[in-house]
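Taking my numbering, the leading residue of the sequence shown gets 1, the next gets one more, and so forth. Think of the CB as a built atom: it goes at the ideal place given N, C-alpha and C, for glycine as much as any other residue. These numbers were taken from a predicted model, which means no experiment stands behind them. To start, the structure under review is shown below, and the notes come after it.
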Amino acid sequence: MINQFVKHDSIFHFFMRKCLLSLSILAAVACSSEKSSDHEGHDMDQMESESHEMHEEKPAEAPKSPRTSAMAMTGGNHIHIDYSAPSARGRQIFGGLVAHDEVWVTGAHKATSIQFDQPVTISGKRIKAGKYGFFTIPGESEWTVILNQVWDMHLADDYDQSKDFFRFMVKPNQLSETVEALTFEVKEKDAKTTTIAFSWDKTKISFDVVNAEK
(Lines of atoms letter the chains of each structure in order from A and count residues from 1; the text may use other names and numbers.)
(Lines give C-alpha, C1' and ligand atoms only; values in the text may rest on other atoms or scores of the structure.)
Protein backbone atom coordinates (compact mmCIF):
# COMPACT_ATOMS: atom_id res chain seq x y z
CA MET A 1 0.00 0.00 0.00
CA ILE A 2 2.78 2.43 0.95
CA ASN A 3 4.70 1.52 -2.21
CA GLN A 4 1.66 2.28 -4.35
CA PHE A 5 1.21 5.67 -2.63
CA VAL A 6 4.89 6.54 -3.17
CA LYS A 7 4.61 5.47 -6.79
CA HIS A 8 1.49 7.59 -7.36
CA ASP A 9 3.14 10.53 -5.59
CA SER A 10 6.21 10.25 -7.82
CA ILE A 11 4.02 10.18 -10.94
CA PHE A 12 2.05 13.18 -9.66
CA HIS A 13 5.25 15.21 -9.05
CA PHE A 14 6.61 14.16 -12.44
CA PHE A 15 3.52 15.50 -14.21
CA MET A 16 3.59 18.67 -12.10
CA ARG A 17 7.18 19.32 -13.09
CA LYS A 18 6.24 18.73 -16.73
CA CYS A 19 3.35 21.20 -16.46
CA LEU A 20 5.48 23.82 -14.73
CA LEU A 21 8.21 23.41 -17.36
CA SER A 22 5.65 23.77 -20.16
CA LEU A 23 4.16 26.88 -18.54
CA SER A 24 7.65 28.37 -18.12
CA ILE A 25 8.44 27.75 -21.79
CA LEU A 26 5.12 29.27 -22.89
CA ALA A 27 5.69 32.31 -20.67
CA ALA A 28 9.21 32.79 -22.04
CA VAL A 29 7.99 32.50 -25.64
CA ALA A 30 5.17 34.98 -24.98
CA CYS A 31 7.55 37.46 -23.36
CA SER A 32 10.05 37.11 -26.20
CA SER A 33 7.27 37.60 -28.76
CA GLU A 34 6.03 40.73 -26.97
CA LYS A 35 9.56 42.21 -26.85
CA SER A 36 10.07 41.36 -30.52
CA SER A 37 6.75 43.00 -31.40
CA ASP A 38 7.64 46.11 -29.41
CA HIS A 39 11.07 46.24 -31.07
CA GLU A 40 9.56 45.82 -34.53
CA GLY A 41 7.03 48.51 -33.76
CA HIS A 42 9.83 50.83 -32.67
CA ASP A 43 11.80 50.02 -35.84
CA MET A 44 8.73 50.74 -37.99
CA ASP A 45 8.16 54.07 -36.25
CA GLN A 46 11.82 54.97 -36.74
CA MET A 47 11.73 53.95 -40.42
CA GLU A 48 8.57 55.98 -41.00
CA SER A 49 10.14 58.97 -39.26
CA GLU A 50 13.34 58.69 -41.33
CA SER A 51 11.31 58.23 -44.52
CA HIS A 52 9.30 61.36 -43.71
CA GLU A 53 12.48 63.33 -43.10
CA MET A 54 13.98 62.10 -46.38
CA HIS A 55 10.88 63.10 -48.35
CA GLU A 56 10.38 66.39 -46.55
CA GLU A 57 11.26 68.99 -49.19
CA LYS A 58 13.43 71.90 -48.21
CA PRO A 59 12.19 75.27 -49.49
CA ALA A 60 14.00 76.27 -52.67
CA GLU A 61 16.38 79.19 -52.27
CA ALA A 62 15.33 82.15 -54.38
CA PRO A 63 17.90 83.06 -57.08
CA LYS A 64 19.91 86.20 -56.35
CA SER A 65 19.55 87.38 -59.96
CA PRO A 66 16.15 86.10 -61.15
CA ARG A 67 15.42 86.01 -64.86
CA THR A 68 12.56 88.33 -65.79
CA SER A 69 11.24 90.45 -68.66
CA ALA A 70 9.66 93.76 -69.61
CA MET A 71 7.46 94.36 -72.64
CA ALA A 72 4.91 96.60 -74.31
CA MET A 73 2.74 96.69 -77.42
CA THR A 74 2.88 99.96 -79.35
CA GLY A 75 0.94 100.37 -82.58
CA GLY A 76 0.96 96.62 -83.16
CA ASN A 77 4.71 96.34 -82.51
CA HIS A 78 5.58 94.04 -79.61
CA ILE A 79 8.84 95.07 -77.92
CA HIS A 80 10.29 92.58 -75.43
CA ILE A 81 13.36 92.71 -73.17
CA ASP A 82 14.60 89.57 -71.39
CA TYR A 83 17.12 90.07 -68.58
CA SER A 84 18.44 88.99 -65.17
CA ALA A 85 17.77 91.29 -62.21
CA PRO A 86 20.57 91.33 -59.61
CA SER A 87 20.14 93.36 -56.41
CA ALA A 88 22.49 95.99 -55.02
CA ARG A 89 22.62 94.45 -51.50
CA GLY A 90 24.62 97.38 -50.12
CA ARG A 91 27.36 97.17 -52.75
CA GLN A 92 28.82 100.00 -54.81
CA ILE A 93 27.39 99.33 -58.27
CA PHE A 94 28.72 101.69 -60.95
CA GLY A 95 32.44 102.22 -60.68
CA GLY A 96 32.54 99.20 -58.34
CA LEU A 97 30.68 95.99 -59.16
CA VAL A 98 30.11 97.31 -62.70
CA ALA A 99 33.26 98.89 -64.11
CA HIS A 100 33.14 102.16 -66.01
CA ASP A 101 34.15 102.20 -69.68
CA GLU A 102 33.82 98.43 -70.17
CA VAL A 103 31.23 96.42 -72.11
CA TRP A 104 28.57 95.18 -69.72
CA VAL A 105 25.81 92.62 -70.22
CA THR A 106 23.35 95.08 -68.56
CA GLY A 107 22.18 92.40 -66.15
CA ALA A 108 23.72 89.16 -64.89
CA HIS A 109 24.49 85.67 -66.15
CA LYS A 110 22.94 85.24 -69.60
CA ALA A 111 23.10 88.27 -71.87
CA THR A 112 20.20 90.72 -71.91
CA SER A 113 18.23 90.64 -75.17
CA ILE A 114 15.77 92.97 -76.88
CA GLN A 115 13.32 91.99 -79.59
CA PHE A 116 11.21 94.02 -82.04
CA ASP A 117 8.35 92.44 -84.00
CA GLN A 118 8.47 95.29 -86.52
CA PRO A 119 11.18 97.66 -87.78
CA VAL A 120 11.94 100.62 -85.50
CA THR A 121 14.04 103.77 -85.45
CA ILE A 122 16.41 104.59 -82.58
CA SER A 123 18.39 107.86 -82.61
CA GLY A 124 17.68 108.20 -86.33
CA LYS A 125 18.91 104.68 -87.17
CA ARG A 126 16.50 102.19 -88.73
CA ILE A 127 16.61 98.85 -86.90
CA LYS A 128 15.13 95.85 -88.68
CA ALA A 129 12.75 93.52 -86.85
CA GLY A 130 14.49 90.79 -84.88
CA LYS A 131 16.25 89.90 -81.64
CA TYR A 132 19.49 91.56 -80.50
CA GLY A 133 21.95 91.34 -77.65
CA PHE A 134 21.59 94.45 -75.46
CA PHE A 135 24.91 95.66 -74.05
CA THR A 136 26.06 98.93 -72.51
CA ILE A 137 29.29 100.70 -71.66
CA PRO A 138 28.57 102.69 -68.49
CA GLY A 139 30.42 105.97 -68.08
CA GLU A 140 30.37 108.65 -65.43
CA SER A 141 28.77 111.25 -67.71
CA GLU A 142 27.68 109.23 -70.75
CA TRP A 143 26.65 105.65 -71.57
CA THR A 144 27.02 103.73 -74.82
CA VAL A 145 24.07 101.48 -75.71
CA ILE A 146 24.85 98.59 -78.05
CA LEU A 147 22.58 96.37 -80.14
CA ASN A 148 24.61 93.32 -81.13
CA GLN A 149 23.62 90.64 -83.65
CA VAL A 150 24.48 87.88 -81.13
CA TRP A 151 22.09 87.68 -78.17
CA ASP A 152 22.57 84.11 -76.89
CA MET A 153 25.71 84.20 -74.74
CA HIS A 154 26.88 84.06 -71.12
CA LEU A 155 27.60 87.54 -69.78
CA ALA A 156 29.78 89.35 -72.34
CA ASP A 157 32.20 86.42 -72.69
CA ASP A 158 31.63 86.03 -76.43
CA TYR A 159 30.95 89.68 -77.19
CA ASP A 160 32.38 90.66 -80.56
CA GLN A 161 32.36 94.33 -81.51
CA SER A 162 32.40 93.44 -85.20
CA LYS A 163 28.91 91.98 -84.67
CA ASP A 164 27.50 95.29 -83.42
CA PHE A 165 24.45 96.35 -85.41
CA PHE A 166 24.20 99.81 -83.88
CA ARG A 167 25.67 101.97 -81.11
CA PHE A 168 24.26 105.19 -79.68
CA MET A 169 24.90 107.44 -76.70
CA VAL A 170 22.62 108.38 -73.78
CA LYS A 171 23.02 110.61 -70.72
CA PRO A 172 22.52 108.94 -67.32
CA ASN A 173 20.25 110.55 -64.74
CA GLN A 174 20.93 110.43 -61.01
CA LEU A 175 17.99 109.25 -58.90
CA SER A 176 17.13 110.57 -55.45
CA GLU A 177 16.14 107.10 -54.22
CA THR A 178 17.93 103.79 -54.63
CA VAL A 179 16.49 101.16 -56.98
CA GLU A 180 17.47 97.92 -55.23
CA ALA A 181 16.94 95.45 -58.10
CA LEU A 182 18.05 96.13 -61.66
CA THR A 183 14.91 97.05 -63.59
CA PHE A 184 13.93 97.56 -67.22
CA GLU A 185 10.69 99.30 -68.15
CA VAL A 186 9.08 99.28 -71.60
CA LYS A 187 6.18 101.74 -71.86
CA GLU A 188 4.04 103.07 -74.67
CA LYS A 189 4.59 106.83 -75.02
CA ASP A 190 2.21 107.43 -77.91
CA ALA A 191 0.72 105.52 -80.86
CA LYS A 192 4.14 105.08 -82.50
CA THR A 193 6.67 105.61 -79.71
CA THR A 194 7.90 103.35 -76.90
CA THR A 195 10.13 104.53 -74.06
CA ILE A 196 12.69 102.06 -72.73
CA ALA A 197 14.19 102.82 -69.33
CA PHE A 198 16.88 101.08 -67.28
CA SER A 199 17.33 101.79 -63.55
CA TRP A 200 19.63 100.41 -60.89
CA ASP A 201 21.06 101.79 -57.69
CA LYS A 202 20.78 105.57 -58.23
CA THR A 203 21.34 105.61 -61.98
CA LYS A 204 18.79 105.67 -64.79
CA ILE A 205 19.06 105.79 -68.58
CA SER A 206 16.22 105.95 -71.10
CA PHE A 207 15.63 106.30 -74.83
CA ASP A 208 12.74 106.27 -77.29
CA VAL A 209 11.99 103.63 -79.90
CA VAL A 210 9.80 104.76 -82.82
CA ASN A 211 7.91 102.36 -85.07
CA ALA A 212 9.28 102.60 -88.62
CA GLU A 213 7.47 102.11 -91.90
CA LYS A 214 7.48 98.47 -92.96
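Item	Value
Where N173 and K163 are concerned, what is the direct C-alpha to C-alpha distance, given to the nearest angstrom?	29 Å
For the candidate residues T178, E213, T183 and K189, whose alpha-carbon lies nearest to that of Q92?	T178
On the criterion of 16 or more Cβ atoms from any shown chain inside 10 Å, does D190 qualify as buried, or is it exposed?	exposed
Can you tell which of A60, S69 and A99 has its C-alpha closest to the C-alpha of L217?	Residue 217 is absent from the structure shown; the chain starts at 1 and stops at 214.
Let's test the definition: count the other Cβ atoms within 10 Å of the Cβ of L108 and tell me whether it reaches 16, buried, or not, exposed.	According to the sequence provided, residue 108 is Ala. The question's Leu does not apply to it. A108 should be labelled buried.
My output table needs one value for W200: the three-state DSSP class, helix, strand or coil.	strand
I need the boundaries of the beta strand (DSSP E) containing V179, first residue and last residue.	N173 to E188
Thinking T193 and V210 are a contact (beta carbons under 8 Å), I'd like their distance in whole angstroms, please.	5 Å
Which runs of the beta strand (DSSP E) spanning at least 3 residues fall entirely within the segment 57-124, listed in chain order?	67-74, 77-84, 113-116 and 120-122
Would you list the one or two residues that DSSP bridges to V145?	T136 and F168
Which residue wins for smallest C-alpha separation from G130, given the options Q149, E142 and I122?	Q149
Could you compute how far the alpha carbon of S87 sits from the alpha carbon of P63?	11 Å
Ignore the nearest five residues each way along the sequence and tell me which others in A212's own chain have a CB closer than 6 Å to its CB.	P119, V120, T121 and R126
Going by other Cβ atoms of all chains shown within 10 Å of its Cβ, with 16 needed for buried, is G133 buried or exposed?	buried
Is the Cβ-Cβ distance between V98 and P138 less than 8 Å?	yes
Measuring straight from C-alpha to C-alpha, what distance separates T203 and G95?	12 Å
Relative to the alpha-carbon of E102, which residue among A156, A60 and K171 has its alpha-carbon at the smallest distance?	A156
Rounded to whole angstroms, what is the Cα-Cα separation between M73 and D152?	23 Å
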